[in-house]
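Under the UniProt record's numbering, think of the first position of the sequence shown as 1, with each following residue one higher. See below for the structure under consideration.
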Amino acid sequence: MNERADANTRPSRERELASLYATARSLTALGDVDDVLNSIVRHAHDLIGTDFTYLSLLGDDGVLGITASEGTISAAFRSAHIPPDTGLGGKVIQSRAAHWVDDYLAAGGLRHDPGFDALVGNEGLVALLGVPLLVRNRVIGALFAAHRSARAFRTDEIALLSAFADHAAVALDNARLYEASRSALAELRAAYRTIEEQVRVMERAQGVHEALTGLVLAGGEPQVVARELAEQMGGSIVVLDRGGDLLARGGAGGPCDEESGGASLTDVIGLARNTGRAITTTGADGLWHSAATIRAGDSLLGTVVWSQRQEPSAIDVRSLELATHVVGLLILKDDAAADAAERLSGELLTELIVAGPGASVTQRRRARSRGIDLDALNVVITVEAEGVPAGDLVRHLHALARQEAGLAGEHLGRATLIGFAADAEQFTRSVHQRLRAELGRPVLVLSERVTGHDWGRAFARATGCAQMVRHIGATDLAATTDRFALYALAFDVDRGHELDRFLADVIGPLLDYDAKRSTDLIGTLDAYFTNDGNLRRTADVLRVHLNTLLKRLDRVTSVLGHDWRAADDLPLRLAIRLERLRHAVRL
């Protein structure tokens with residue numbers, strides 16, 4: 001992606017998120033159900049930018065009825081009812097997950113209803129995306145975004161509509177609860193004080209949600225949100241990321257892993273993740289622990305854990321669930337920013353390696369915007385670990401790059417880091433130690449010092465050395481290429497002609513003979529020298545008869561034109577070794 005595309009994408013994403021935050025805040029206000037329904041579809045239509053948007057609620061008989069729409073044309077479509085298990089809506093309800101089709105009428109795998117298909121044709125509906133409306137782990141309906149032309153829906157659009165649907169379901173549920181409270185108040189005067197208290201508690205929940213939303217709109221970080229939530233609700237708040245690592249903490253106390261009444265917080269978090277519902281437990285320590293997952297559609301983003309000394313009410317737990325939606329928006333924003341930053345880092349790294357010595361004015365400006373001084377980047381590191389894809393290694397290197405004001409990315413299938421090191425050997429060892437601890441397995445880390453801003457040459461030497469080192473059997477090592485200076489002819493791109501000349505002088509006839517006759521006299525000599533001239537062991541390794549081996553060795557003598565076994569064989573041994581290493585490094 002080029003710089004202009006990135007510049008256009010970031011403001012677009014920021015506008016979408018800002019619109020989502022503002023919409024979420026407006027939907028938290030208690031109001032009539034009809035008002036909330038109309039507000040949902042209107043905001044969803046503006047947020048996603050499709051041709052039209054509509055919302056369907058699930059009846060007791062399983063029929064989906066369209067209750068609100070924006071941008072539709074047909075009055076019949078706006079009041080349509082879809083039979084159970086029919087169409088894309090039926091699929092969304094059954095799976096409780098987002099689904100889309102690029103052409104509804106032509107989509108296979110859907111149960112079509114002729115009556116509704118006719119309405120679809122009249123309305124001009126073609127591409128359709130649907131996401132479920134979930135309230136307390138129960139599907140109450142679905143929210144749809146439609147186009148009047150065929151198209152695919154992107155992952156970010158699906159995540160955005162799913163996140164909005166979560167807010168919409170909360171707002172709709174709050175509106176229904178509020179209407180139910182008002183009806184009960186009118187019908188049961190005797191219960192007036194109880195209902196009034198319930199409304200105040202609900203307003204408190206709304207206040208918590210509004211306070212958190214305001215923090216996010218103001219650019220608050222997870223730590224700030226955790227502190228505000230703990231202040232609003234009391235007790236302590238712990239926010240964990242998708243991997244279970246601590247992201248933020250607010251309030252006093254609240255251990256993350258100690259046993260509580262026979263069930264550890266790890267168990268409570270596991271139950272919340274498995275069920276998708278807020279889970280509350282208590283233990284011998286007298287603390288009540290509530291855990292609620294942070295989700296965007298089907299994607300797990302993390303968990304919020306609330307610990308306090310009083311049993312939480314249902315509304316308190318509801319407030320915790322509302323808080324997860326706000327924290328989820330913050331995590332989505334941070335993830336999007338991190339993904340963009342890592343992508344830019346990888347692109348700039350590749351440009352520096354490919355473009356040749358030096359850096360352009362544009363590259364320097366892009367680096368400065370990230371707080372990176374290209375003139376200071378004096379070491380290139382390549383990393384590999386058996387069984388670990390390069391992309392996974394790069395994610396670990398990005399964390400290092402951010403700390404060291406460097407660049408990380410994948411180039412030619414290799415995880416690569418360009419950074420600054422006052423001591424290249426010490427820096428290489430520290431990278432190795434950190435990656436080995438994080439991955440829990442052997443890691444091969446090779447580095448090359450950069451001279452004259454020639455990052456491409458340094459990359460070639462580091463990767464060539466890594467291939468050579470792996471060929472000689474090393475799998476867990478941290479070293480600079482200087483450590484293998486003896487083998488430099490095999491991996492130094494600037495000395496390839498020297499290696500060619502040496503090999504031609506010493507074993508050139510053997511190389512030509514093997515190439516023309518598809519023999520392997522070079523391999524025979526390699527096995528012979530590796531086994532210290534022991535004929536029996538060499539024959540076993542090559543899986544040939546001893547007489548066959550003797551004939552091959554005589555053929556080597558004939559091709560070379562001298563009795564190599566009666567002379568100093570050191571040049572021949574070295575040439576054979578370098579030829580095998582060159583083949584492994586593929587210069």
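Quick reminder that beta carbons are idealized off the backbone N, C-alpha and C, glycines included.
When rounded, the separation of the alpha-carbon atoms in Arg343 and Ser39 is 37 Å. DSSP lists Leu240 as the beta-bridge partner residues of Leu246. Taken through DSSP and simplified to helix, strand or coil, Ile73 comes out as coil.
By the Cβ-count criterion, Ser313 is exposed, with fewer than 16 other Cβ atoms from all chains shown falling within 10 Å of its own Cβ. Between Ile418 and Val380 the beta-carbon gap is near 5 Å, inside 8 Å, which marks them as a contact. Pairwise C-beta distances place the region 162-180 out of contact with the region 70-82, as fewer than three of them are shorter than 8 Å. With fewer than 16 other Cβ atoms from the protein chains shown falling within 10 Å of its own Cβ, Gly59 counts as exposed.
A straight line joining the alpha-carbon of Ala424 with that of Ala479 spans about 9 Å.
Secondary structure note for Phe52: it is in no alpha helix (DSSP H), and the uninterrupted beta strand (DSSP E) holding it is Phe52 to Leu58. Going by C-alpha positions, Thr548 is about 12 Å away from Leu521. In this structure, the straight-line span from the alpha carbon of Thr86 to that of Asp113 is close to 7 Å. Burial state of Asn174 is buried, judged by a 10 Å Cβ sphere holding 16 or more other Cβ atoms.
Rounded to whole angstroms, Ser558 and Ser518 show a C-alpha spacing of 17 Å. Assigned with DSSP and collapsed to three states, Gln467 falls in helix. For Ala422 against Thr416, the beta-carbon gap comes to about 20 Å, at or over 8 Å, which does not count as contact.
Residue ranges of uninterrupted alpha helix (DSSP H) with 4 or more members, entirely inside the region 427-478 and ordered along the chain, are 455-471.
In summary, Leu246 is exposed, with fewer than 16 beta-carbon neighbours lying within 10 Å of its beta-carbon over all protein chains present.
Taking 4 residues as the shortest admissible run, the UniProt domain "GAF" (32-182) contains the following complete alpha helix (DSSP H) segments, listed from N- to C-terminal end: 33-48, 75-78, 87-95 and 114-123. Beyond the five residues adjoining it in sequence on each side, Leu477 comes within less than 8 Å, by CB distance, of His432, Leu444, Val445, Leu446 and Val469 in the same chain, given in chain order.
Taking every protein chain shown into account, the CB of Leu55 has 16 or more other CB atoms within 10 angstroms, so this residue is buried. Between the C-alpha atoms of Ala474 and Leu134 there is a straight-line separation of about 54 Å.
Note that the C-beta distance between Gly141 and Leu47 is not below 8 Å.
Only buried fits Pro132, as 16 or more other CB atoms lie within 10 angstroms of its CB. Cβ-Cβ separation between Leu352 and Trp288: approximately 54 Å, too far for a contact (criterion under 8 Å).
About 15 Å separates the CB atoms of Gly130 and Ala163; that is not less than 8 Å, and the two are not in contact. The Cβ atoms of Leu301 and Arg364 lie no closer than 8 Å to each other.
Residue Gly124 holds the alpha-carbon nearest to the alpha-carbon of Thr53 among Phe427, Leu578, Gly124 and Glu347. Of all alpha-carbon atoms in Leu578, Thr293, Gly452 and Arg449, the one lying nearest the alpha-carbon of Gly508 is that of Leu578. Within the same chain, and ignoring the five residues on either side of Asn378 in sequence, the residues whose Cβ sits closer than 7 Å to its Cβ are Phe420, Ala421, Arg449 and Val450. Ala355 and Gly346 have their alpha carbons spaced roughly 14 Å apart. A straight line joining the alpha-carbon of Arg552 with that of Leu535 spans about 12 Å.
In the DSSP assignment, Gly409 forms a beta bridge with Thr416.
Ranked by how close their Cα comes to the Cα of Val36, the residues Leu229, Leu172 and Asn122 have Leu172 in first place. Taking Val327 as reference, the option from Leu510, Tyr104, Pro222 and Arg402 with the minimal CA-CA separation is Pro222.
Counting C-beta atoms within 10 angstroms of its own C-beta, Thr303 has 16 or more neighbours from the protein chains shown and is therefore classed as buried. Under the criterion of beta carbons closer than 8 Å, Gly121 and Leu105 qualify as touching, at roughly 7 Å.
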